[in-house]
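Trainee: Line order of the protein sequences matches chains A and B.
Just so you know, we're using my numbering here: the first sequence kicks off at 21 and counts up by one.
Just so you know, we're using my numbering here: the second sequence kicks off at 21 and counts up by one.
One structure coming up, written as structure tokens, with questions to follow.
There are 2 protein chains.
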Amino acid sequence: MSRLDSFIRRLEAQRACLELAADLIADLDGEVLELGLGNGRTYDHLRKLFPHRKIYVCERTVAAHPDCVPPSPLLMLGDMRETLPALHVRLAERVVLAHLDPGNGEIAASKALADQLSPLIVPLLHPDGVLVSEPAITADQLSALPLPDRIEPGRYNLYRRISHRPPP
Amino acid sequence: MSRLDSFIRRLEAQRACLELAADLIADLDGEVLELGLGNGRTYDHLRKLFPHRKIYVCERTVAAHPDCVPPSPLLMLGDMRETLPALHVRLAERVVLAHLDPGNGEIAASKALADQLSPLIVPLLHPDGVLVSEPAITADQLSALPLPDRIEPGRYNLYRRISHRPPP
């Protein structure tokens, strides 16, 4: 498989996972969180999927297409290890869908960053919220969900926060 | 359609056009020319399609993944308006497949560059050679070929050089 093949499969997997996640959280009240804006293509897809939700975006510096730059009240610039804790006041348990794609192409670095970020992401997730992530994540409070049909295991990852609410 | 949808369709169109072009030139003797290396994904796909052909690459400066950097005898660094004429000695009528993807994301700029480059590319093409191009190209010596099945017109472009050889 060429790098072109692999890239196309990754993008198709990303899109399919986001669309499945959108179905899964359709009935939940809350916001969307994009972790890594990059060129803004995925953010644009999230805008199409969630026209009526606020989409918060964390990114170090903006390098996106001008059409894909979030409105400044929803754009958290800087290191996510600092901006995510700062979002806690506004977004604790409010995020119905978070998407993590550090996207620097370095698998080991992405995985290491994801491991640092996941304890900061989980508290923001709605108790039934979903995390879509390119690097696989191991966290006690996250349970892996089945991937969409025809998506190869490991190509993208889908998790739901495990609720620890007392039974009714 | 989101920018993510559009990007996936463009990559799928690119891959389908390259694979159709590979079939079309399978019986011709000659080399391959990649105009624009970028991150090297398409070059990697060309290597898979043409393991037994030389693949020449023109690019201003290399910014590709280290695995996707061509061997230096086949890598022409600099402005293509200068490197293409310099290749004429080696490649006149020898290129069975050229792929042009200036890929700066600016449609008008890509089209303008393609118009400047096409008179430099055509003389390198084998008399039955094929040009696969992201921007559409208008040139007397190029005839548009039908696109692969399921590829929308205009998403990618496929041309064959028109031979001006006397009839047998």
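Using N, Cα and C, we set each Cβ at its ideal position, and we do this for glycine too.
For clarity, every value in this text was computed on a predicted model and none was experimentally measured.
1) Could you check whether L53 of chain B and V116 of chain B sit closer than 7 Å to each other, using their CB atoms as the reference points?
2) Name, please, each residue of chain A whose Cβ falls closer than 9 Å to the Cβ of H65 of chain B.
3) Note down, in chain order, every chain A residue with its Cβ under 9 Å from the Cβ of C88 of chain B.
4) Can you tell me whether DSSP reads H65 of chain B as helix, strand or coil?
5) Only counting runs of 4 or more residues, tell me where the alpha helix (DSSP H) segments fall wholly within the region 107-157 of chain A, in order along the chain.
6) Please classify L97 of chain A as buried or exposed, where buried requires at least 16 neighbouring CB atoms within 10 angstroms.
7) Would you mind reading off the limits of the beta strand (DSSP E) that contains R181 of chain A?
8) Spatial neighbours of F70 of chain A within its chain, please: C-beta separation below 6 Å, excluding the five flanking residues on both sides.
9) Quick check on the burial criterion: 16 or more other C-beta atoms within 10 angstroms. Buried or exposed for P139 of chain B?
10) With DSSP as the reference, please indicate the residues paired to E79 of chain A in a beta bridge.
11) Along chain A, in chain order, which residues have C-beta atoms closer than 9 Å to that of L31 of chain B?
12) Would you list the residues sitting across from L162 of chain A in a DSSP beta bridge?
13) Could you tell me which chain B residues have their CB closer than 9 Å to the CB of T62 of chain A, listed as they occur along the chain?
14) Against chain B, with Cβ distances strictly below 7 Å, would R80 of chain A count as a contact?
15) Starting from L38 of chain A and walking both ways along the beta strand (DSSP E), at which residues does that stretch end?
16) Have a look at D169 of chain A and A42 of chain A and give me their C-alpha separation to the nearest angstrom.
17) So, with DSSP's three-state summary, where would you put L104 of chain B?
18) Starting from the C-beta of L95 of chain B, find all residues in its chain whose C-beta is less than 6 Å away, skip the five residues before and the five after it, and write them out in chain order.
19) Is any beta-carbon of chain B found at less than 7 Å from that of R35 of chain A?
20) Report the option in A:R181, A:V109, A:R23 whose CA atom is closest to the CA atom of C88 of chain B.
21) Could you tell me the distance, in whole angstroms, from the CA atom of A128 of chain B to the CA atom of L137 of chain B?
22) In chain B, what lies closer than 7 Å to D68 of chain A by C-beta?
23) So which of A:P166, A:L167, A:E113, A:D160 has the shortest CA-CA distance to L145 of chain A?
24) Taking the alpha carbon of L57 of chain B as the reference point, which residue from B:A36, B:Y176, B:S92, B:T81 has its own alpha carbon closest?
25) Answer with buried or exposed for R61 of chain A, where buried requires no fewer than 16 other C-beta atoms within 10 angstroms of its C-beta.
26) Look at the Cβ atom of I182 of chain B, then the Cβ atom of S153 of chain B, and state whether they are nearer than 7 Å.
27) Out of B:P147, B:A156, B:H119, B:I28, state which residue places its alpha-carbon closest to the alpha-carbon of H65 of chain A.
28) If you draw a straight line from the C-alpha of E126 of chain B to the C-alpha of D121 of chain A, how long is it?
Mentor: On the basis of the supplied data:
1) Residue 116 of chain B sits at position 96 when you count from the first residue of the second sequence. Residue 53 of chain B sits at position 33 when you count from the first residue of the second sequence. The answer is no: Cβ separation not under 7 Å.
2) Along the second sequence, one-based indexing puts residue 65 of chain B at 45. Result: S22, R23, L24, D25.
3) Within the second sequence, numbered from 1, the residue matching residue 88 of chain B stands at position 68. By Cβ distance, chain A contributes R23.
4) For the purposes of this step, residue 65 of chain B is taken as the residue at position 45 of the second sequence. The answer is helix: DSSP assigns H65 of chain B an H, G or I state.
5) Qualifying alpha helix (DSSP H) stretches, in chain order: 127-141.
6) Counting from one through the first sequence, the residue named residue 97 of chain A turns up at place 77. Exposed, by the Cβ-count rule.
7) As a position in the first sequence, residue 181 of chain A is number 161, starting the count at 1. Where R181 of chain A is concerned, the enclosing beta strand (DSSP E) stretches over 177-181.
8) Taking the first sequence and counting its residues from 1, the one referred to as residue 70 of chain A is at position 50. Cβ neighbours of F70 of chain A beyond the five flanking positions: V52.
9) Sequence index remark: in the second sequence, residue 139 of chain B carries index 119 (1-based). Under this definition P139 of chain B is an exposed residue.
10) Here residue 79 of chain A is taken as the residue at index 59 of the first sequence, counted from 1. DSSP lists A:L97 as partners of E79 of chain A.
11) Walking along the second sequence from the start, residue 31 of chain B turns up at place 11. Ordered by position in chain A, the residues that pass the 9 Å Cβ test against L31 of chain B are L24, F27, I28, L31.
12) On the first sequence, position 142 is the one that residue 162 of chain A refers to. DSSP lists A:R181 as partners of L162 of chain A.
13) The residue given as residue 62 of chain A occupies position 42 in the first sequence. Neighbours of T62 of chain A on chain B, chain order: S22, R23, L24.
14) Reading the first sequence from its first residue, position 60 is the one you call residue 80 of chain A. No, no contact with chain B.
15) Position 18 of the first sequence, counting from 1, holds the residue named residue 38 of chain A. No beta strand (DSSP E) holds L38 of chain A; the alpha helix (DSSP H) holding it covers 23-44.
16) Locating residue 169 of chain A in the first sequence gives position 149, counting from the first residue. Locating residue 42 of chain A in the first sequence gives position 22, counting from the first residue. If you take the alpha carbons of D169 of chain A and A42 of chain A, they lie about 15 Å apart.
17) Reading the second sequence from its first residue, position 84 is the one you call residue 104 of chain B. In this structure, L104 of chain B counts as helix in the three-state DSSP scheme.
18) In the second sequence, counting from the first residue as 1, residue 95 of chain B sits at position 75. If we look at L95 of chain B and ignore the five residues flanking it on each side, its Cβ neighbours are V77.
19) Along the first sequence, read from residue 1 onward, the residue named residue 35 of chain A stands at position 15. So, interface residue.
20) Along the second sequence, one-based indexing puts residue 88 of chain B at 68. The option with the nearest alpha carbon to C88 of chain B is A:R23.
21) One-based indexing of the second sequence puts residue 128 of chain B at position 108. One-based indexing of the second sequence puts residue 137 of chain B at position 117. Cα-Cα distance, rounded: 14 Å.
22) Along the first sequence, read from residue 1 onward, the residue named residue 68 of chain A stands at position 48. One detail in the question is off: residue 68 of chain A reads as Lys in this sequence, not Asp. In chain order: S22.
23) Indexing the first sequence from 1 puts residue 145 of chain A at position 125. Residue nearest to L145 of chain A within the set A:P166, A:L167, A:E113, A:D160 is A:E113 (criterion: CA-CA distance).
24) Counted from its first residue, the second sequence places residue 57 of chain B at position 37. Closest option to L57 of chain B, Cα to Cα, is B:T81.
25) As a first step, residue 61 of chain A is located in the first sequence; it is residue number 41 there, counting from the start. Classification of R61 of chain A: buried, given that the 10 Å Cβ count is 16 or more.
26) Along the second sequence, one-based indexing puts residue 182 of chain B at 162. Along the second sequence, one-based indexing puts residue 153 of chain B at 133. No. Outside cutoff.
27) Position 45 of the first sequence holds residue 65 of chain A. When each option's Cα is compared against that of H65 of chain A, the closest is B:I28.
28) Taking the first residue of the second sequence as position 1, residue 126 of chain B is located at position 106. Taking the first residue of the first sequence as position 1, residue 121 of chain A is located at position 101. Each residue's Cα considered, the two are about 25 Å apart.
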